[in-house]
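Encoded as C-alpha cells, the structure appears first; notes follow it.
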Amino acid sequence: MMRVVLVFLLPFLGLLHAGPLPDEPVLQTQENFDVNRFMGKWYDIATASTCPWLKRHKGDAAIGSMELQTSGSTQIISMTHIGLRHGTCKSISGEYQLTKTPGRFHYHVAKWNADVDSYVVHTNYDEYALVVMYKQKTGGEKSTSVKLYGRTMQLRPTLIEDFKTLVAEQGMSEDTIVIKKNKGECVPGEQATPEPQIQRARRNVVVAPPEEGSGDDTPMFKGPEACKAEPDSGPCFGMLQRFHYNSSIMTCQLFTFGGCMGNQNNFETEKECLQSCRTEAACRLPMDAGPCKAFLDLWAFDSSVGKCVSFKYGGCKGNGNKFYSQKECEEYCGVMMRNGDDEFLTVN
C-alpha cells in the first residue's frame, strides 16, 4: 500500500503527524484488514495521480520495490523503497502511522508541508493491493493518487482493469495512468543501464542516392526475421497502440502493446513499420486505398503502366504497396516492367 507517492515523494518524507487530515475515513478499506499479512515486499506496478508535479515528471517510470516491516512502536510501520530516480538506483526509508481504521495510514511530506491519507481498498495479501491516497497541503491544495502493487513484477491483466476502474471511480481520466516498465530490480547506488540502440540495416532492394528516398532515415530497422514474428503484447499491462508487420499479407496492422518486453516486430507508426519491413514484393500488390476516408496523397506501383503513380490513400488498412514519396516508391520497385511471365524486373 504505502508505497504511495513513493517514486517521487518519498525523498521528502518527514516526521509523521495527522495534520489537517479528517478524523473519520472517507473510503471503505479492505474488509477485515490484517496489517501483519500486509507486511513484506511489494512492487509498484501502476499509478494514477491528479498531482500536476507528478504528471509532469512521470517520464519513463520503472517498477520499484517497497519493503514494509513492523517497528518498535505498535503504531508505526517502517518502509524501505528501492527504485530508479533520475537514472540512479536509490534506497529511501520512511515511516507510516497506523490509524484506528484498519487499512488506513497517515504520513507527512515535509518538502511540501503536506499530509497524506492512504487507504488499502482491496488486497488479497499474496498477489495485489489497490491503494487510494489523498494529499492535502496546509494551503489547501489537494490531489488524489491511485496505486496498484504486486507481490511480483508481473500481474494478471484483469488486475490492471480493476485498477483502471478504481481510477475512474475517483473521477480521474485514463491519461493520468502510468503503467510502469519492468526493468528488473536495481542495486542502490548503481546507474541504470542504457537500453541498447539497434542500428538499422539496409534492405536488399534497388540502391537509391543516400540523400533521397525514405530508407536512410528510418530508425531502428529490426531485420527480416523480426518482421516475421507474431505480434507480442509482452507481460506488462499498458494499452499502447502499435503496428506489426504481417508478412503473409505484406502489410502493417495495429495491435495493443503492454509497454514492456514483447518482440522487435513493434512500431509506433505505420510508416516506420512499412519502411522497416516491407520488401520489393509489395510492388506486386494491387493498389488499395483502404476503407477509410482520410484521402492522403501517397504513391504506389501501378503494374498496368509499369511505374509509380500517386493515389489517394484512405488512411487505414490497404496493403504494403503504398509509399510516402515517388522516390521511395522507385527505390523499392525500381523502373518496373513486365515480361512474358508477368514477373517484374528491376532495372538499375
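Read in order, the letters of the sequence shown correspond to residues -18 to -1, 1 to 330 in mature numbering (1 follows the signal peptide of the UniProt record, and there is no 0). C-beta atoms are modelled at their ideal positions from N, C-alpha and C, and glycine is treated no differently.
Opening and closing residue of the alpha helix (DSSP H) in which Ser258 lies: Stepping through the sequence shown from its first residue, residue 258 is reached at position 276. That run of the alpha helix (DSSP H) goes Glu252 to Cys259.
Contacting residues, own chain, Cβ-Cβ under 7 Å from Gly171 (five flanking each side not counted): For this step, residue 171 is matched to residue 189 along the sequence shown. Hits under 7 Å: Cys71.
Tyr227 and Cys265 closer than 8 Å at C-beta: The count along the sequence shown starts at 1 and reaches residue 227 at position 245. The count along the sequence shown starts at 1 and reaches residue 265 at position 283. In this structure, Cys265 does not lie closer than 8 Å to Tyr227 by Cβ.
The segment 269 to 288 contacting the segment 241 to 252, beta-carbon criterion three pairs below 8 Å: no
Uninterrupted alpha helix (DSSP H) stretches inside the segment 28 to 96 (no shorter than 4 residues): 34 to 38
Cys315 versus Cys298, Gly300, Gly297 and Val287, residue with shortest Cα-Cα distance: Along the sequence shown, one-based indexing puts residue 315 at 333. Comparing Cα-Cα distances from Cys315 to each of Cys298, Gly300, Gly297 and Val287, the minimum goes to Val287.
Three-state class that DSSP yields for Ala211 in the structure shown: Within the sequence shown, residue 211 is the residue found at index 229, counting from 1. Note: Ala211 maps to coil in three-state DSSP.
Ser55, buried or exposed, once every other Cβ within 10 Å from all chains shown has been counted against 16: Position 73 of the sequence shown, counted from the start, is the residue given in the question as residue 55. By the neighbour-count criterion, in which a residue is buried when 16 or more other Cβ atoms sit within 10 angstroms of its Cβ, Ser55 is exposed.
Spatially closest choice to Lys129 from Ile58, Tyr110, Glu123 and Thr120, by CA coordinates: Here residue 129 corresponds to residue number 147 of the sequence shown, with the count starting at 1. The candidate whose alpha carbon is nearest that of Lys129 is Tyr110.
CB of Pro213 within 8 Å of CB of Asn247, strictly: Residue mapping note: residue 213 aligns to position 231 of the sequence shown, counting from 1. Residue mapping note: residue 247 aligns to position 265 of the sequence shown, counting from 1. Cβ atoms of Pro213 and Asn247: closer than 8 Å.
Distance, Val149 Cα to Glu156 Cα: Locating residue 156 in the sequence shown gives position 174, where the first residue counts as 1. Locating residue 149 in the sequence shown gives position 167, where the first residue counts as 1. Distance between the alpha carbons of Glu156 and Val149: 8 Å.
Proximal residues to Thr81 (C-beta, below 7 Å), its chain only, five neighbours per side dropped: As a working mapping, residue 81 is identified with position 99 in the sequence shown. Once the five neighbours on either side are set aside, the close Cβ partners of Thr81 are Phe87 and His88.
DSSP beta-bridge partners of Thr120: The count along the sequence shown starts at 1 and reaches residue 120 at position 138. DSSP, once it has assigned bridges, lists no residue as partnering Thr120.
Residue environment, Asn106, which counts as buried when at least 16 other CB atoms sit within 10 Å: Here residue 106 refers to the residue found at position 124 of the sequence shown. When all chains shown are included, Asn106 counts as exposed.
Asn228 - DSSP class collapsed to helix/strand/coil: What you label residue 228 is simply residue 246 of the sequence shown in a count that begins at 1. Three-state DSSP puts Asn228 in a strand.
Sequence-distant residues of its chain with Cβ nearer than 6 Å to Gly272 (five each side left out): Locating residue 272 in the sequence shown gives position 290, where the first residue counts as 1. Only Gly296, Cys298, Lys299 and Gly300 meet the Cβ criterion.
As assigned by DSSP and simplified to three states, the class of Asp5: As a first step, residue 5 must be located in the sequence shown, where it is residue number 23. Three-state result, Asp5: coil.
Segment contact, 8 Å Cβ cut-off, at least three pairs: the segment 27 to 35 with the segment 110 to 127: They touch, by the three-pair rule.
Close Cβ partners of Met135 (< 6 Å) along its chain, the five nearest in sequence each way excluded: In the sequence shown, residue 135 corresponds to position 153, counting from 1. Result list for Met135: Tyr25, Ile45 and Asn164, in chain order.
Cβ neighbours of Glu13 in the same chain (closer than 6 Å, five flanking residues each side left out): Your numbering for residue 13 matches position 31 in the sequence shown. The beta carbon of Glu13 is closer than 6 Å to none in its chain, skipping five residues each way along the sequence.
Span of the beta strand (DSSP E) around Phe283: Counting from 1 along the sequence shown, the entry for residue 283 is found at position 301. Counting along the chain, the beta strand (DSSP E) containing Phe283 begins and ends at Leu278 to Asp284.
Asp99 versus Ala276: straight-line alpha-carbon distance, rounded: On the sequence shown, position 117 is the one that residue 99 refers to. On the sequence shown, position 294 is the one that residue 276 refers to. Each residue's alpha carbon lies about 49 Å from the other.
Beta-bridge pairing of Phe237 - partner residues as DSSP gives them: The residue given as residue 237 occupies position 255 in the sequence shown. BP columns for Phe237 point to Arg224.
Nearest-angstrom Cα separation, counted from Gln173 out to Thr261: Taking the first residue of the sequence shown as position 1, residue 261 is located at position 279. Taking the first residue of the sequence shown as position 1, residue 173 is located at position 191. Looking at the two C-alpha atoms, the distance is approximately 40 Å.
C-alpha gap between Phe239 and Asp5, whole angstroms: Here residue 239 is taken as the residue at index 257 of the sequence shown, counted from 1. Here residue 5 is taken as the residue at index 23 of the sequence shown, counted from 1. Distance between the alpha carbons of Phe239 and Asp5 is about 43 Å.
Residues of its chain near Cys209, where Cβ-Cβ distance is below 8 Å and the 5 sequence neighbours each way are ignored: As a position in the sequence shown, residue 209 is number 227, starting the count at 1. Setting aside the 5 residues that flank it on each side, Cys209 is surrounded in the same chain by Tyr227, Ser229, Asn247, Ser258 and Cys259, each with a C-beta closer than 8 Å to its C-beta; the list follows chain order.
Coarse secondary structure for Tyr107, derived from DSSP in three states: The count along the sequence shown starts at 1 and reaches residue 107 at position 125. Coil, per DSSP.
DSSP bridge partner residues for Gly22 (one or two, in chain order): Here residue 22 refers to the residue found at position 40 when the sequence shown is read from its first residue. Answer by DSSP bridge pairing, in chain order: Leu50.
Among Leu50, Met232, Asp42 and Gly76, the one whose alpha carbon lies nearest that of Pro268: Mapped onto the sequence shown, residue 268 falls at position 286. Of Leu50, Met232, Asp42 and Gly76, the residue nearest in Cα terms is Met232.
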